[in-house]
DNA sequence: TATTGTGAAGTCATTCACAGCA
DNA sequence: TGCTGTGAATGACTTCACAATA
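Chains as they are written, first to last, in my numbering: chain A, 1 to 248; chain B, 249 to 496.
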C-alpha cells in the first residue's frame, strides 16, 4: 500500500489512551471524523470541476460556496489532511484533489457488483456516478430467469446463483443491493461470505452483518418522510409569519 | 450565502423570542432533533411489519434490534412524541405507528413530481418505496422529445416545458430531480418558483435555493467514496489482525 | 418484575475568533 | 494584506444508569 509517513508533522494527536495499548494502529492513526469523510467526496467533485475550468487555486471561502458548506467547516475538514494550503493564497486545486483522493483511498479502481437487475439496479449500472472516479460496475446479477442473459449497457445480467464465482472473478470490493426487501438479507449474507466487506443497500430493510462489514443504506422512503416532516411544519409556520409580517 | 447541506433542515429552531408570546405553542414546542427525525421513518417501517405480523406490543429493545440502533436511542427518540409506552410492558404497535406517522406529517398523501425520465427517474417512478405510505408519483417530466409522450408505468412522460402547469395541476409538494448535473440548478429554480419547497436531488451538484426551501441530496458517488475510505483502512488492518489471531 | 422515560455524563461536530504565516 | 490552521467555546447527539411505574 501507499502508506508512507513522509509527513514531518510530528504532532498527530493520537487518542491512544482511549483505547487499550494493543489496539491495531489503523484505528488510531488517521482519526478523520465521519462528518468530514462524508464531505470530502463533495470537495473532490468541486475540485474536479475547478480543475476542468483551469482554476489553479481556490480559497476555503470559494470552496465552501461551491460545496454548500461554511468556510470554517472546509478549513477544519482539510486540516485533517495535514497542511495543504498556503496562507494568504488558498489551496492548490490539483494538489488538494490529489490529497483528498488519496485520503479517501481512491488510489485504485474498485469493482462493484450490483445484485438486483430491476429498474433501480439497471439504472445504477448505467449511472454515470458509478463509472467515474474509481469505481467500475463489473457485474449485474438477478434471480429472474427472464432477465438473466439480457444485456444492460455493457453488461449481461448474470444469475445470482453464481454470486460467489462472480465476486471471485471480478475481485469485487463493493456490493450494491437493489433487490426487493425480503431478498436483501440473504443476498447480503452471501456477499459477506464471498468476501465483500463494503455494501450499499437500497432495500428498505435493516441488514445485519458481522463486525467489520460496512453497510450504508439509501432509503428513498426515509428521505421523503424527512422532507414531509419539514414540509408539515413549514406550512402552518408560513401562514403564521405571513399574518405577523416578515420575520426579520 | 446559502449554507445548506444535503442533510439540511432549514429551520429546526424557531426563534421564539423574536415573536413574542402569542405564537401558537404547538408550532414552537416540539423541537425534534434532526437525528431523531431521520430515524422515525425507520421505526415506522418496522412497526408496519410488526403490525402485519399481528404483534400487539413491542419493547424498546426489540424495536431497537429491528431498526438496527441501540435501545437507549429508541427510548430517547420516542420520548419526543410524549409518553407513548407503558412501563413494564412496552409500546403499543398500532398506537405508536399512528403517533410516529402523525409526527412526521404523513397525515395526507403528497404528490411527487419527478424531473428527468432517464434510467434513474423511470426507476424511481416505479419504485415501490415511492408508492407506499403517503407519497404518490403524479408526474414524470423530461426535455427529450423522443421520451416525452412515452409511457412509464401508469404515467406518460410530459414535457418539462410544462413544469409549472404540471405542478399546479397535481398540487405537488415534493420535487425529485434526476436530471444530469448541468440541468439540475435550473430545474430546481423552476420547481421553487412553481411553489415547491421540498426537493430531493440525485444530481451530483450543489443546489442553491432560497431560505425556507428544503433540499436533500442523495449522491451515489459520495456513498461509494465513503465505503472506499473505510475499505482502504480495513485491508491493512485485517492482515494485521489475522496475524494476531482474530476472534470472529 | 420488566420496561419506560430522563437527568447527567460523555462524545462528537460546528462555529467563533484570531494568531501565524506567505 | 489575505487567508490558513487551530485553540477555545458552543452546540448537538449518544450513552449511561437508574428512579419511576404499570
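Positions of the beta carbon are idealized from the N, C-alpha and C atoms, including for glycine.
- Of all C-beta pairs linking the region 378-395 of chain B to the region 354-369 of chain B, three or more are shorter than 8 Å, placing the two stretches in contact.
- Cβ atoms of residue 188/A and residue 207/A come within 8 Å of each other, at about 5 Å.
- Contact annotation: residue 460/B and residue 445/B have beta-carbon atoms nearer than 8 Å.
- Of the residues assessed, residue 108/A falls on the exposed side of the cut-off, its CB having fewer than 16 other CB atoms within 10 angstroms.
- For residue 311/B, there is no enclosing beta strand (DSSP E); the enclosing alpha helix (DSSP H) has its first and last residue at 308-315.
- Contact check for residue 423/B against residue 385/B fails: the beta carbons are separated by 8 Å or more.
- Taking C-alpha positions only, residue 347/B is separated from residue 281/B by approximately 16 Å.
- Closest option to residue 313/B, judged by alpha-carbon separation, among 327/B, 304/B, 302/B, 298/B: 298/B.
- When secondary structure is reduced to three states using DSSP, residue 443/B falls in the coil class, being assigned neither helix nor strand.
- DSSP links residue 155/A through a beta bridge to 152/A.
- Rounded to whole angstroms, the gap between the alpha carbons of residue 476/B and residue 171/A is 14 Å.
- Among the residues of chain B, those whose CB is under 8 Å from the CB of residue 127/A are 367, 368, 468, following chain order.
- Within chain B, the residues placing a beta-carbon under 8 Å from that of residue 206/A are 290, 294, 314, 315, 316, ordered along the chain.
- Under a criterion of Cβ atoms nearer than 9 Å, no residue of chain A is adjacent to residue 347/B; the nearest Cβ is some 13 Å distant.
- Chain A has a Cβ within less than 8 Å of the Cβ of residue 352/B.
- For the options 48/A, 52/A, 152/A, the alpha carbon positioned closest to that of residue 121/A is the one of 152/A.
- A direct Cα-Cα distance of roughly 8 Å separates residue 70/A from residue 61/A.
- Within the same chain, and ignoring the five residues on either side of residue 303/B in sequence, the residues whose Cβ sits closer than 7 Å to its Cβ are 341.
- When secondary structure is reduced to three states using DSSP, residue 86/A falls in the strand class.
- Along the region 427-474 of chain B, the alpha helix (DSSP H) occurs as fully enclosed runs of 4 or more residues at 429-441, listed in sequence order.
- Neighbourhood of residue 320/B in chain A, by CB distance below 8 Å: empty, with the nearest CB roughly 17 Å away.
- Against chain B, the beta carbon of residue 232/A has neighbours under 7 Å at 353, listed in chain order.
- For residue 282/B, the enclosing alpha helix (DSSP H) covers residues 282-300.
- In the structure shown, residue 381/B falls within a coil segment according to DSSP collapsed to helix, strand and coil.
- For residue 113/A, the enclosing beta strand (DSSP E) starts and ends at 110-115.
- Listed along the chain, the chain B residues whose CB falls inside 7 Å of the CB of residue 227/A are 422, 446, 448, 462, 464.
- One alpha carbon belongs to residue 85/A, the other to residue 468/B, and they sit about 28 Å apart.
- For residue 148/A, no chain B residue has a C-beta closer than 9 Å to its own C-beta; the minimum C-beta separation is roughly 19 Å.
- In the DSSP assignment, residue 176/A falls within the unbroken beta strand (DSSP E) covering 174-177.
- Residue 415/B is a Cβ neighbour of residue 443/B, given a cutoff of 8 Å.
- Residue 230/A counts as buried, since no fewer than 16 other beta carbons sit within 10 angstroms of its beta carbon.
- Below the 7 Å Cβ cutoff, chain A contributes 226, 229 as neighbours of residue 285/B, in chain order.
- Put simply, the CB of residue 333/B is far from chain A, with every gap to its CB atoms at 8 Å or more.
- Residue 88/A has its alpha-carbon roughly 55 Å from the corresponding atom of residue 183/A.
- Secondary structure at residue 146/A: coil, using DSSP grouped into helix, strand and coil.
- When the beta-carbon positions are compared, residue 222/A and residue 452/B stay at least 8 Å from each other.
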